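These notes concern the structure reproduced below.
Residue numbers (my numbering): 7 to 60.
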């Protein structure tokens, strides 16, 4: 787990923690721009790859 997710944060309930973690994982896997994908998000990269394959 990335330290940036945990650092300086407190949750009152497990449900709050779980919801925040799910949001973080979604962002990490779908929204975050990546240098290795030429600055695209994973979603943009997949869409571009699918358009190129069609």
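Backbone N, C-alpha and C define an ideal beta-carbon position, used for all residues, glycine too.
These figures come from a predicted structure and were not determined experimentally.
As a quick exercise: from the options, pick the residue whose alpha carbon is nearest that of residue i.
{"i": "residue 33", "options": "57, 10, 16, 59", "result": "10"}
{"i": "residue 53", "options": "19, 36, 29", "result": "36"}
Can you tell me whether residue i sits near the ligand COA, meaning its C-beta is under 8 Å from at least one heavy atom of the ligand?
{"i": "residue 8", "result": "Summarising the ligand content, the structure contains no ligands, and the ligand COA is consequently not present."}
Kindly list the residues whose CB is nearer than 7 Å to the CB of residue i, restricted to its own chain and excluding five residues on each side of it in sequence; keep chain order.
{"i": "residue 38", "result": "47"}
{"i": "residue 28", "result": "none"}
Would residue i pass as a contact of residue j if the rule is Cβ separation under 9 Å?
{"i": "residue 26", "j": "residue 13", "result": "no"}
{"i": "residue 30", "j": "residue 44", "result": "no"}
Please return the same chain residues whose Cβ sits closer than 8 Å to the Cβ of residue i, not counting the five positions on each side in sequence.
{"i": "residue 23", "result": "17"}
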